[in-house]
Structures are given as structure tokens and as C-alpha cells.
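Per this note's numbering, the sequence shown runs over residues 88 to 592.
The beta carbon of each residue, even a glycine, is placed where N, CA and C say it ideally should be.
Source: prediction; values computed, not measured.
What follows is a single structure, written as C-alpha cells, with notes after it.
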Amino acid sequence: RSHVGSNSVSPAAACVIIIIMASNINVFLRVRPCAKPSPHFTCEPEKGFVTFETERHGPEGDVNHNKTVHNFRFNGIMPMSVTQQEALDMVAKPVVDDVLNGLNGTIFAYGQTGSGKTFTITGGPSRYEDRGLIPRTLAYMFECFRTSTSQHKMYISYLEIYQDKGYDLLREDSGKKLEELPKVVMREDGDGHFHLRNLSINVASSQEEALNLLFLGDTNRVVAETSMNDASTRSHCLFIIWIESTAPGSDVIRRSKLHLVDLAGSERVSQTGAEGKLLKEATAINQSLHYLERVIVALHARAKGEQMHVPYRDSMMTSVLRDSLGGNCKTTMVACIAAEPSNIMESLSTCRFAQRVAQIQNNAKVNEELDPTLLIARLKREVTELKQELGIARGGQEEGGEGGELTDEDLDQCRALVLQFVSRKADPKQHFVCGSVPRSRACFRILRDLCNGAKGGAAGGSAADPARKAALEAEVQKLRLEIAQRDQEIAMMVQMLSKQRGGAD
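Put into C-alpha cells, the structure is as follows:
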């Protein structure tokens, strides 16, 4: 475990940044399933259109002089029958592919309380098929790692913003009260880069480790029962995935991050009847969403060519999402709405907000930098190869003279070089240099034995049985991982139920 020092790249490394052309934020709409949707709401997923019709006369006889038909268009619409896997394919996979190629990415869900934001981002606790974007994204990323030739490293952070104060959901001292925990604070340096203090970065070397961190963070989240949601999240949560990737033989490293954001839902206190602590939480949530809307309005005005200050510093949430909104990031928004008649006006407001977000332009970049360690290793390797080529050019007198016998250790080294050169993971651009004329002859003999299937090369040259064995072992490992994952989810659900029952008692 370590702590975040900065969201920026290291100043000691030479940066190689490739600029990608500006693109607007993609906006998708998800409709929560309901038994009796409002007759004033129509949805056309194939065309990407939704329509709201408001009544001309209000319930008290007052006349509505505004327009009564509102049409909205989205990049994609997820109807009530959409599955979680289809949501992943539509919303998350394009962003994840960009993140694996070195771009920053953000996916955030917005909507009123009880509209399905947490179900979309995290998922439901009752069924395995209800897994949300975060666990499915982790599974998809590790699947890409296994099929990629590049080397990848994953780190995970989980930030909760409760009443405009930041807390680390992966803290080790989770038994303490929330008020007693060290707060995650933001600091801005002279270059405009934000630093997150007291937020841990946790290594995730496998899908199981990543899911364990997710379950730990979800257990520590602040939830409460309201009149509109039995388990309403009372805070904004950001699940941050940091990726480092290096291509074979390259001394350039790519660093990117993916924010998966579950925003707390807006709610009308007059409808929920919140009092006491719930009222204070609802006030803080609505205030932070108001600051978010101010940022969106300012960015929308900038998109029209107006000179306007963007108030990122008004709240911690807008400061953290500064790159995601109008910065170096590929951003996608999921607008979650409920189609019941009582929620039509809130859903209409969510769609209006989404249309303003869709006008924002981000300038995403591939973040690359030269790694000094990899650069030094490559230069040392080139020096060694040049020395070996120089030895061959001088006649190969190093080992036993011209045509001299090689030792068993020399032959083992030659065999290892040949096996590495013909392996599937070898870099096709890598030169084969063995060091001397006697070594070259020995390597050719070993390669001939491998091709002919001779006894001397059978240990490394018979690739059929080892390849089949490796494939079977990989399949067994995959099945074991799925079993362990489901056991872990069951254990975490039991723990959460026990915790809720203990709190109720």
C-alpha cells in the first residue's frame, strides 16, 4: 500500500504526449424498470430518442405557457430490458479500450435518488448476473492483459466524498467512526496539478485481488434508508483504476487512469420528508450537485465561444473531476431516470442536464514517458550485443580458440538463447546474437535438433504437449478464479447482511 502524491506524471521523466483531436462527451440514457411507466414518456432506443409530454394545465388549474413536448437525443439508450453485460458493451468497453491504450477515461452516473446509478456502476448484491460496470470492467481488463503482448500493472483507489469531505474507503482502520478517520485533502501545485493526500493506492495483481478491494470499499460506504430508496448512498464515490503498460523491448511507459463515478442522487426534501441527519446529508448532496451543474453550465458556455470562468474549486467533487470535464480525458455519462408518473419532472431535469454535458469538449491525450530504468537497461543490452558482434568480427577466439570446445555451461546458455528466440513471447524485432563463432555453430546445431525433433531438443522443442497442458492449466485456473470470486461475493453479502442486522438491533 502506498499513498497518492500527485495525479501528474513525474517531472524527472521525459514526457512523450501524443495529442488526440477534441471530442464531445458521450451521453447514454438508462431507464429503470417499472411496472407502470408514465403515458407521457416515450422511448425509441433504435433511434436514440426520448420524448416527454407535460400537461398544459397544472393540478391546481394554472396554465403552463412553456412548451409541452420535449425531445432528447443520446448516443445510446438502454431500455428497461437491458442487461448488465449489454450496458458494459455499450458504455464501458470503448472507454476501457482507450484507457488500455494510454488515455485517461471517466464513466459517471447521474440522476435522482433511486434511479439505478449504484446498480449501474457497482451492481446488485442478490444475483451474480447483476454485477455492475466496475466488476465487469475489472474482469474485461484482466482478460485484455492475458491476451496482450505488453506488460501491465494495475493499482486501485476508492475515494468517498461525504458532505464535501474526502475519505479513503480502502483504509485499514475501518472500525473507527467516519469523523475520526484522516480526511483525503486536495492540494494544487504551481503547475495546476492536483494532489490527493491520504488516499491509498493498492496493487491489484489479479482479478480476485481487485474484486476484494471493491467489496471492502463498498462495505465502508455511507448508506441510509429513505422514503425513495431502502439503501440510498449518501456520498459520491470514485473507484479509480491506475494502469501502467510497457510494450516488449520498449523503454516508453504509458500511464493512464479510469474513474468510475457513482454520484449521490438528487432529491426533493419536500417529497422525501427527510429530517435530522438525512436532511443534512440531502442538503450537502444537492449543494454539491449544484456546484457540478455550475461547472457544466460554464463549460457549455465556453463551447459556444463565450469567455467564462469555470468554478472547479467550488467543491471537492468538481476539483477531482477537473480532468474528466473539459480536460485530458475520454468521458462518458450515464443518465439514469425513472419513468413513473411521479418522477417525470426529475427525469426531464436529468435529460436537460445530460444535453448540456454532451456539448462539452475534452482534449484526450496518450500519456507516455520515457522510463529511465528501462532506457538504461536497453542501452546496456545494446552495449552487450555490440561487444558480442565485435568478438565475432575478430574471429571468435574467446572460447577455446578457433573451433574449440564449449563447456557444458556454455552449451546450456546457447540452448536457453535458442529457446528464447523461438518462443512465442519473443520480440520479433529482437536480434539474435550469441557472442562468438563456436557459440553460433552450437546454436545452429541446437536449432537443427529442435527442427528435426531429435532427442537433444525434445525437452524444449516438442511444443504440442506443453501447449495443450498450458491451455488446460489456464482453463482450470480460470474456473478456480470464478469459484473463488463467487465464494467471496457470498461471504461479503453475508457480512453486509450481518452488519445491517447488527445496526438495526
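Taking C-alpha atoms, which residue in the options lies nearest to residue i?
i, options, result
"Arg465", "Leu325, Arg233, Gly336, Thr129", "Gly336"
"Pro120", "Leu379, His377, Arg535, Glu427", "Glu427"
"Asp458", "Phe531, Leu534, Ser332", "Ser332"
"Tyr227", "Pro181, Gln446, Cys416", "Pro181"
"Gln442", "Arg160, Glu472, Ile463, Val169", "Arg160"
"Val290", "Leu303, Gln250, Glu266, Ile328", "Ile328"
"Ser375", "Asp251, Arg528, Thr209, His387", "Asp251"
"Glu455", "Ala179, Gly304, Ala334", "Ala334"
Could you tell me whether the Cβ atoms of residue i and residue j are closer together than 9 angstroms?
i, j, result
"Ile288", "Ile221", "no"
"Met420", "Asn158", "no"
"Asp255", "Val271", "yes"
"Leu345", "Val186", "yes"
"Gly352", "Thr200", "yes"
"Arg284", "Leu268", "no"
"Glu393", "His323", "no"
"Met167", "Val118", "yes"
"Thr193", "Asp410", "yes"
"Gly211", "Gly219", "yes"
"Ile463", "Gly413", "no"
"Tyr249", "Leu325", "no"
"Glu142", "Val156", "no"
"Phe115", "Gly163", "yes"
"Asn430", "Ser110", "no"
"Ala422", "Glu433", "no"
"Asp497", "Ala529", "yes"
Quick check on the burial criterion: 16 or more other C-beta atoms within 10 angstroms. Buried or exposed for residue i?
i, result
"Pro525", "buried"
"Asp349", "buried"
"Val505", "buried"
"Lys565", "exposed"
"Lys204", "buried"
"Cys538", "exposed"
"Lys417", "buried"
"Val581", "exposed"
"Ser585", "exposed"
"Ile533", "buried"
"Leu301", "buried"
"Glu133", "exposed"
"Gly548", "Confidence in Gly548 is poor, its pLDDT being 42 and thus under 50, which makes the residue's placement unreliable; the coordinate value appears in the next sentence. With 16 or more Cβ atoms within 10 Å of its Cβ, Gly548 is classed as buried."
"Ile104", "Legend: pLDDT at Ile104 = 42, less than 50; position of this residue unreliable, no value from coordinates given."
"Leu366", "exposed"
"Glu312", "In this prediction, Glu312 scores a pLDDT of 45, lower than 50, which makes its location untrustworthy; the coordinate-derived value is nonetheless stated afterwards. Per the 10 Å Cβ criterion, exposed."
I need the DSSP call for residue i, collapsed to helix, strand or coil.
i, result
"Lys123", "coil"
"Ala174", "helix"
"Arg443", "helix"
"Asp574", "helix"
"Ile424", "strand"
"Ser523", "coil"
"Arg342", "strand"
"Ser375", "helix"
"Leu350", "coil"
"Asp255", "strand"
"His396", "coil"
"Lys556", "helix"
"Gln141", "What sits at residue 141 in the sequence shown is Thr, not Gln. Thr141: coil per DSSP, three-state reduction."
"His250", "Note that residue 250 corresponds to Gln in the displayed sequence, not to His. Of the three classes helix, strand and coil, the one that applies to Gln250 here is coil, per DSSP."
"Val290", "strand"
"Val182", "helix"
"Ile194", "strand"
"Glu331", "strand"
"Val150", "Low confidence applies to Val150: its pLDDT is 49, below 50, so where it sits in the model is not reliable, and the reading given next is rough at best. Of the three classes helix, strand and coil, the one that applies to Val150 here is strand, per DSSP."
Measure the C-alpha to C-alpha separation of residue i and residue j and round it to an integer number of angstroms.
i, j, result
"Ala594", "Gly135", "Nothing can be reported for residue 594, as the shown portion of the chain is limited to 88 through 592."
"Thr224", "Gly277", "35 angstroms"
"Met69", "Asp338", "Because the chain here runs from 88 to 592, residue 69 falls outside it and cannot be looked at."
"Glu562", "His396", "55 angstroms"
"Phe195", "Asn299", "22 angstroms"
"Tyr215", "Gln171", "10 angstroms"
"Thr306", "Asp217", "17 angstroms"
"Ile577", "Met241", "25 angstroms"
"Arg341", "Ala558", "30 angstroms"
"Glu569", "Lys474", "50 angstroms"
"Gln294", "Ala451", "27 angstroms"
"Glu469", "Glu492", "27 angstroms"
"Gly544", "Asp499", "Note that Gly544 scores 42 on pLDDT, short of 50, meaning its location in the model is unreliable; the coordinates nonetheless yield the value given after this. Taking the straight line from one Cα to the other gives about 12 angstroms."
"Ala385", "Pro398", "8 angstroms"
"Val444", "Val137", "17 angstroms"
"Glu296", "Val407", "25 angstroms"
"His377", "Phe440", "11 angstroms"
"Gln43", "Cys231", "Limits of the chain in this structure are 88 at one end and 592 at the other, which puts residue 43 out of reach."
"Met165", "Leu461", "45 angstroms"
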